[in-house]
Structure formats: structure tokens, C-alpha cells
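> Keeping their order, the protein sequence lines are chains A and B. Residue numbers for the first sequence follow our numbering, beginning at 589 and rising by one. Residue numbers for the second sequence follow our numbering, beginning at 589 and rising by one.
Number of protein chains: 2
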Amino acid sequence: MSQEPHRVVIVGAGFGGLECALRLKGAPVEITLVDRRNHHLFQPLLYQVATASLATSEIAWPIRYLLRDRSDVTTLFANVNGVDAANKRVLLEDGDTLGYDTLVLATGVRHAYFGHDEWEPFAPGLKTLEDATTLRRRILVAFERAERESDPERRAALLTFVIIGAGPTGVELAGTIAELARDTLPPDFRNIDTHKTRVVLIEAGPRVLAGFPDDLSAYAQRSLEEVGVEVILNQPVTECSADGVVFGGKPLQARTLIWAAGVRASRAAEWLQAPHDRAGRLQVQPDLTVPDHPDIFAIGDTVSIADAKGNPVPGIAPAAKQQGRYVAAAIKARLAGQTTAPFRYSHAGSLAQIGKRKAVIDFGTIKLRGTIAWWIWGIAHIYFLIGLRNRLSVAISWLWIHARDQRAARLITQGSSKVAR
Amino acid sequence: MSQEPHRVVIVGAGFGGLECALRLKGAPVEITLVDRRNHHLFQPLLYQVATASLATSEIAWPIRYLLRDRSDVTTLFANVNGVDAANKRVLLEDGDTLGYDTLVLATGVRHAYFGHDEWEPFAPGLKTLEDATTLRRRILVAFERAERESDPERRAALLTFVIIGAGPTGVELAGTIAELARDTLPPDFRNIDTHKTRVVLIEAGPRVLAGFPDDLSAYAQRSLEEVGVEVILNQPVTECSADGVVFGGKPLQARTLIWAAGVRASRAAEWLQAPHDRAGRLQVQPDLTVPDHPDIFAIGDTVSIADAKGNPVPGIAPAAKQQGRYVAAAIKARLAGQTTAPFRYSHAGSLAQIGKRKAVIDFGTIKLRGTIAWWIWGIAHIYFLIGLRNRLSVAISWLWIHARDQRAARLITQGSSKVAR
């Protein structure tokens, strides 16, 4: 009875880490949830903040708030920079350490520039709220500068937006920027015709939305082209600079580049000196523990694992949540002296929005596209948003956009025109 | 018929400048509205962004959007850094110039530290959206750091918030921070008791809300003290530093200081080498023109002018709007060859919120306080918000706060714990 409670430390409060903490409710454990942000982020809608459709507070919640009723959970706002597995301690950047009995690593991914980190300042990616407000500023400032630019060539470069990578994020960004230019902005400007905006989506592979079936990819491409997006396939970008991009040996002048082409796992594998794939993702056991570290679980995007058919489990929110749930159950089982079956991923479906009133959905046997898919996409996303208020607020924002073609969050913050390069 | 249209340049899209542009509708003029921000800001609610009650997009709108239907108005996102009155040109920072026939200066105010500009990094003020998100971050990070601080003295300093200046902004900030600590945050933290937060409001003068009648000041002070704010009167602050403040010869350890004590007019008087008062405000003629510059009007906070009784016109939104409206009418009259009567300020009333369900209102003959005043305050502010969507969104945010004691916008952005000093 006087035994010390079992200490679980969870690093990262994304979909996987948060789900694990939530599902450990009632277990005889003491939980510490560490994140370097104070908020949980609903990443699937981050592109809507970047394109001025939603406000930051509509897709993010203080982690403490989400766990306010859980006295067994301590939330820590801190940077982790290592794990001392021999002594079972998590090392924090400020010198503190946290002892654990079981550790759950849910540290996610960051952008990867495939050995070209020097491209990052020119082609920022989209992973955090700050990334989203930075992109929003760059996109809006580009139109502002175009409005004042008299040189036609420079003006054209300001009105050219290049998105590198045609996965769901790239497709969603391209579609939304095209609509911003076509539907929202035209009445606001006097010197430029924002219909002339070029949105160029460049993909190294042979089709957009490579994770979807061929026919949905083709449909997505057609839909993007209908709203004016130029889709360029089979062309890896070979240079990003302040002037634009180079692909296929030719330069394209563009002042706004967005990187949606690749990610790299966080440093969890480095911390543990554990086996990982080329993208830095930990190769875990079937029970999601790290090899030789039975007390360390790893989940979500920072992990490389295959489903029952041998296909890689995708880096999407439902997969991370399933893993968080599995680990919570595994910890409970262990403490009860039971064993657990290996993790099995169950794929519910893939969704991607393409512009304002279209989406594609792949449920495996059922494939949907067009307006009906868009409604399901919207309802599913509103449903999964945490917190009644945000659901309502996002629903109102979307209705507003669709009824009036207006976007409420078109704010350039973090400085005046001075700041924008 | 082939005459060039009369060119009006308005510098500043705050309440005065925007109102002037809106009221010039239909006049035979060509308007250019220049602002260094892309958004018009509803400053009276800025403290609610700083205290995590509202999102930035709920109180700000793209200037272009507000004037999208006005083909006679060109909106320019640019920094003005001078006026060449002899040649009738506005000088932009990037080297461009704008010719005018009539110029309207509505450039507002910034913080003033009374000769102690070195205090600014320690005691930031609240004038822009960036100021508000910076303050929000500092306030939220202070609680986060207190949660992890084991030294009682340092923890107490982290949980001490000092607001310098007890005008409406200071009073509203103090009341809202006290409520954040008492009503919103307690269930979120494990190591600290946020009820023990000290909110100290320091005022150099003899009472809070000096612009209000004595009895409302006394009521506001009592109400603040009821929610736990320590009100200190007749004490000018003599030092601000990373450790806290000094007043009355004694230091008070505090990690979060907020400056609400004074403002200084923008550089418009410098640009024109025109007469101004000690706070840098232009001394204008009864028709709001600048002496010796009949083609230059100046309005709003950047101007010093008296009402019919000889009292200074207050630096509030309704006063700026009345001046904007007056100048629009004056420009129209001049173009029609008519003269205009001098500007007359009509004071509708003064309002200030004190914490969640209380306010004071001074309508001159009628004085209101308490819950009824708070309802009028809320309805008036929602009414004056531009744009149906924001009204709805703010109303929902407020209902949510009052029903659940939750604040949606509690996001620490612009960096992780690293960034916070």
C-alpha cells in the first residue's frame, strides 16, 4: 500500500501523447506530460490558419486546460533534450531531470529539406502555429507589395506562389491560396488583378496525393487545375532562393515558396542511440517499445511501423491516436501483470480538401469525391475538434467564408512592411 | 470636366482616419489611405487579447476589406516618415512619395516612459496586436515558470503582476488578470495556487480612473480590491527592471510589469515643425487644420484640442470618429465653396470594465455602475465592432468565458519556453 506510484512520463502532447494521457485515466500511475509548447495543436487544419481562414485559437488549446480535471497528470512546459535510459531519467534543457518508470516518446516530426537546410528561410514549412502565422504574413504581404510594385516582372514574381510537395498539405494549401486570390481578394486591390495570381504546385513524384488511389489523385489534380492551380509532376525542385525555384533545369521567379515536401522525425532516436529509418523514425517492436528498452514506448510520427499487410502506417492523426490508446492499455496491462497483443493499425480512411467545396475521401472500399466528400470532410473535422466552443467557432468561420468569400484572419502581424523581405 | 480630381491622402487607419475615409463617400475626391499595418484595430478591446479572452482576428480587420466597395479609395500598406508641406507630398520610408491636395494626419499615439525609455523592455505597453500577444505570452509564461519554480521568493516574483497606471486600460488589465488567476487558471496547475497571484495596480495620481467622477472612481477601486487587486495610489514608479519596480523608495519583486501610464503623440508635429504640447500633440485650429497649413488637417489622439468648456477632448475612439467625420464634411464643404463652423466635441459618455461582471459608465447626468453598467458596456462594444461576424464571434467568446470561466486564446506563441526571459 505504501508503494511509490508508477511514474509515466510522456514527451509530446500531440495526438498520440495526449491520447495516451487521456486513456491512462484511472490507472495506478502518476503522469507527467512534457511539451515545449503550452498548447495541443489540431494540425490537420493548420493550413487554414496559414491561409487566413481560421484564427490560431480555433485550432489550439492549452494542454493544461485539456487535462485540468486530471489531478494524476502534471503538465510541464519545457524542452526535452535527451534521455538517460540507464538511470531512467528524461533530461530537460534547463538542467532539470525527470525520473520515470515508463517513458512514452511522442515527439513528432519536423520539416526535412533532404540535405538542403539552407532552403528553409526561402521555403518555410508548416508544422507549428508560428509557422502558420509566418506563412500567413508572407502570403498577405506578397499581395500588398505587388499592389505597390510598378515593375511588371517583379510584380509577377510577387504574385507567384510555389508549393513544393503535393501531399495533402501541399494540395490543401495550393487550393486555398488559389481561392483566396480568386474569390476573397479581388475587390480589395486597385492596381493588381489578383485573378492573375499563379499558384504552382510542384511534385517530384508522378501524381498528387500519392497516398490515395489513382482515380482520386486524378480527380484532385483536375479540381486543382479548375481553380487555376498549375500542377507540375515528376519534377524535383533543385534549388530554392530569394528569387524563386529551379526545377527541370529552369528557374521560376517567385517571391513566396512553401515547403510541403518532406518531414524528418524528431531526435528521439538520437537520444536513445536506437535503430531508425532514413527519415530518423524509430524502428519499434510490435508492442511499440524501443528495442532493448522495454520501459520506453514510442508512438506517432516519430515511429516507423508496418500494418498487418506490411504497408507503412501513415503519419496521420488517427494512427497516432490509436498508438497512444494502445500504449495506455499496454501500461495498464503490465501493471496488472498481463501481457498485450501486438499493436494493430486499423485504417479508417484518408481525407483531403481541395479548395472550397471539394474533397476526396478514401475509405478503402468506398471512395468519395466532390461536394459530398467536402461535407463529410467538414463534419469529421469539426467533430474531432476538441471543445464545444471551438467546434462552434470553426463552424461559424467556415459558414462565413462560404457565404461571403471573406476570411476573418487576414492579419499581418509581427511587424510592418519593414519586416517582410 | 477634364479637371484632375482633388487628391486626399489620409495617414493612419485608426478610428479617426477610417471614419474620415468612410464619410468622404460620394465626394469628388480621390482618396489614398496609408497605414503601416494592414489592419484596423478595435483598440478598446485590446486588453482582452492580452489577457487571452479574445483572438486577434476578433478585434482587427484588414483595412482593404473594410473599403473593398469603395473604388475611390486606394489603401496603401506603407510607413510614412515625413511630409514635404512645401511641395504637398507625403514621404514614404521606401523612398516613394504621394502627392496630395488635402492631407489628413491621423497617426495616433505610442507609449511614453517620461524620459525613461530604458524601461520599455521590462514594462511593455499595449497599443498594437503584437503588444497584446507579447503581453499574453509574458503573462501565461509567468504562470508556467512559477509552476516549475521551487524557490519561494522567485515563485512569488513570478506570481506578481504590476500594472503601472490606473486609467481605463490599467484598470481593465488589472481586473482581468486577477480573474484569470482566480477563476480560469486554478484547476490547471498542480504545484502553484494561482489564487495567491498578486496583481498590483500603481497610480501616481490620487485615484483610479481619474477621468471619471469621484464616486465611480471609488466604486471601481472597491471592486478591484474585491477581486484581489492591490491598488496603490499617489506613488509614481521610480524604476522598472528585470527584478520588478521601485515606488515610494521600496522595491517590489515582480517578473511581469505592464505599462499603462502614458502616451506620446506620433511624430506628426515633428514632420511639420508645427506647434505641439508636451506630449507631442499638434495644436490645431478650431477647424482642425494645422496652423499655417490650411490644407493639412490633424485628428484623433495626435491632436490636442479643447471642447466648448475648455476641457481637453479625451483620447478615445468616439472623439477620433467625430473628428474624422468633421474633416470629411469640411473637405466636402470646401470643394463646394462653402465654409464650415469650428469642430465641436460632443461627449457621449465614458465606460470602463472592472473585471468580469462590473463596469462604470459616466453619461454626464446619469452615472451607472455594477452589473447593469457591465451589460451596457458589453452591448455597446459589440455594437461598435465592425462586421457582423466579429460581433457574433466576440459575443460567443464572452458567453463562453462567463459560463465556463474558460478563455479560448490562452496560447503561448512566438517560441517555446526558451524565448521567455
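Backbone N, C-alpha and C define an ideal beta-carbon position, used for all residues, glycine too.
Considering only C-alpha positions, which residue in the set B:Asn626, B:Arg724, B:Asp781 is nearest to Ala643 of chain B?
Looking at the Cα atoms, B:Arg724 is the closest of the given residues.
> When you compare only the Cα positions, how much space is there between His628 of chain A and Ser938 of chain B?
The alpha-carbon atoms of His628 of chain A and Ser938 of chain B are separated by roughly 40 Å.
> Hey, could you find the ends of the beta strand (DSSP E) Thr685 of chain A is sitting in?
Counting along the chain, the beta strand (DSSP E) containing Thr685 of chain A begins and ends at 685-687.
> Can you confirm whether Tyr688 of chain A, when its beta carbon is compared against all beta carbons of chain B, has any partner nearer than 8 Å?
So, not an interface residue.
> Measuring alpha carbon to alpha carbon, tell me which residue in B:Ser985, B:Gln873, B:Pro775, B:Ala808 is nearest Ser763 of chain B.
For clarity, residue 763 of chain B is Gly in the given sequence; the question names Ser instead. Minimum Cα distance to Gly763 of chain B is reached at B:Ala808.
> So with Cβ pairs under 8 Å, would you call Ser645 of chain B a contact of chain A?
Ser645 of chain B counts as touching chain A.
> If we count Cβ pairs, one from each stretch, closer than 8 Å, do we get three or more for the stretch 637-656 of chain A versus the stretch 971-987 of chain A?
The stretch 637-656 of chain A is in contact with the stretch 971-987 of chain A.
> I want to see whether chain B comes within less than 8 Å of Ser854 of chain A, judged by CB atoms only; does it?
So no, Ser854 of chain A is outside the interface.
> Going by other Cβ atoms of all chains shown within 10 Å of its Cβ, with 16 needed for buried, is Leu999 of chain A buried or exposed?
Classification for Leu999 of chain A: buried.
> What are the residues in the stretch 697-722 of chain B lying within 8 Å of chain A by C-beta distance?
Those would be Leu717, Glu718, Thr721, in chain order.
> Leaving aside the five residues before and after Leu870 of chain A along the sequence, list all residues of the same chain whose C-beta is less than 8 Å from its C-beta, in chain order.
So the list reads Leu693, Ala853, Ala856, Ala857, Leu860, Ala862, Pro863, His864, Val878, Ala886, Thr890, Val891, Ser892, once near-sequence residues are dropped.
> Starting from Ala562 of chain A and walking both ways along the beta strand (DSSP E), at which residues does that stretch end?
There is no way to answer for residue 562 of chain A, as the model of chain A reaches only from 589 to 1009.
> Note down, in chain order, every chain B residue with its Cβ under 7 Å from the Cβ of Ala648 of chain A.
In chain order: Leu999.
> Between Val603 of chain A and Glu813 of chain B, what straight-line distance do the alpha-carbon atoms span, to the nearest angstrom?
The amino acid occupying residue 603 of chain A in the given sequence is Phe; Val does not appear at that position. Distance between the alpha carbons of Phe603 of chain A and Glu813 of chain B: 42 Å.
> Leu768 of chain A CB to nearest chain B CB: under 8 Å?
By this cut-off, Leu768 of chain A is not an interface position.
> Under the rule that 16 or more other beta-carbon atoms within 10 Å means buried, what is Tyr971 of chain B, buried or exposed?
Classification of Tyr971 of chain B: exposed, given that the 10 Å Cβ count is below 16.
> Return yes when the Cβ of Phe702 of chain B is within less than 8 Å of the Cβ of Gly850 of chain B, no when it is not.
Cβ atoms of Gly850 of chain B and Phe702 of chain B: closer than 8 Å.
> Spell out the partners DSSP gives Asp594 of chain B in its beta bridges.
In the sequence as displayed, the identity of residue 594 of chain B is His instead of Asp. DSSP lists B:Val617 as partners of His594 of chain B.
> State yes or no: is the beta carbon of Glu791 of chain B nearer than 8 Å to at least one beta carbon in chain A?
No, Glu791 of chain B does not count as interfacial toward chain A.
> Taking only three categories from DSSP, how would you classify Asp771 of chain B?
Residue state, collapsed to three classes: helix.
> Count the other C-beta atoms from every protein chain shown that fall within 10 angstroms of the C-beta of Asp771 of chain A, then say buried if there are 16 or more, exposed otherwise.
Flag for Asp771 of chain A reads buried.
> Short of 6 Å in beta carbon distance, which residues of its chain neighbour Gly898 of chain B, apart from the five on each side in sequence? Order them along the chain.
Nothing listed; no residue qualifies.
> Put Asp1014 of chain B into one of helix, strand or coil per three-state DSSP.
Shown here, chain B extends from 589 to 1009; a query on residue 1014 of chain B therefore has no answer.
> For Leu923 of chain B versus Ala609 of chain B, is the C-beta spacing smaller than 8 Å?
No, the pair does not count as a contact, with Cβ atoms beyond the cut-off.
> Consult DSSP for Arg992 of chain A and reduce its assignment to one of helix, strand or coil.
Arg992 of chain A falls in the helix class under three-state DSSP.
> Can you give, in chain order, each stretch of the beta strand (DSSP E) that sits fully within the stretch 875-937 of chain A and has at least 3 residues?
Counting only runs of 3 or more, we get 881-886.
> Strictly under 8 Å for the Cβ-Cβ distance: is Leu728 of chain B near chain A by that measure?
So yes, Leu728 of chain B belongs to the interface.
> Using only alpha-carbon positions, find the residue among B:Val901, B:Arg778, B:Pro774, B:Arg656 that is nearest to Asn779 of chain A.
Nearest of B:Val901, B:Arg778, B:Pro774, B:Arg656 to Asn779 of chain A, Cα basis: B:Arg656.
> May I ask you to report which of helix, strand or coil DSSP gives Ile970 of chain A?
Looking at Ile970 of chain A - three-state DSSP - the assignment turns out to be helix.
> For the alpha helix (DSSP H) that Thr722 of chain B lies in, which residues bound it at each end?
That run of the alpha helix (DSSP H) goes 717-736.
> Have a look at Leu747 of chain A and Val788 of chain A and give me their C-alpha separation to the nearest angstrom.
Rounded to the nearest angstrom, the two C-alpha atoms are 11 Å apart.
> For Lys838 of chain B, write down the residues that DSSP places opposite it in a beta bridge.
The partner list for Lys838 of chain B (beta bridge, DSSP) reads B:Phe835.
> To which residues of the same chain is Glu968 of chain A closer than 7 Å at the C-beta, ignoring the five residues directly before and after it?
One detail in the question is off: residue 968 of chain A reads as Ala in this sequence, not Glu. So the qualifying residues of the chain are Leu939.
> Between the C-alpha atoms of Ser985 of chain B and Ser641 of chain B, what's the straight-line distance to the nearest angstrom?
Each residue's alpha carbon lies about 7 Å from the other.
> CB Leu654 of chain B to CB Leu612 of chain B, shorter than 8 Å?
Taking 8 Å as the Cβ cut-off, Leu654 of chain B and Leu612 of chain B do not qualify as a contacting pair.
> Just curious, the beta strand (DSSP E) that Leu789 of chain B is in, first and last residue?
Unbroken beta strand (DSSP E) run through Leu789 of chain B: 786-790.
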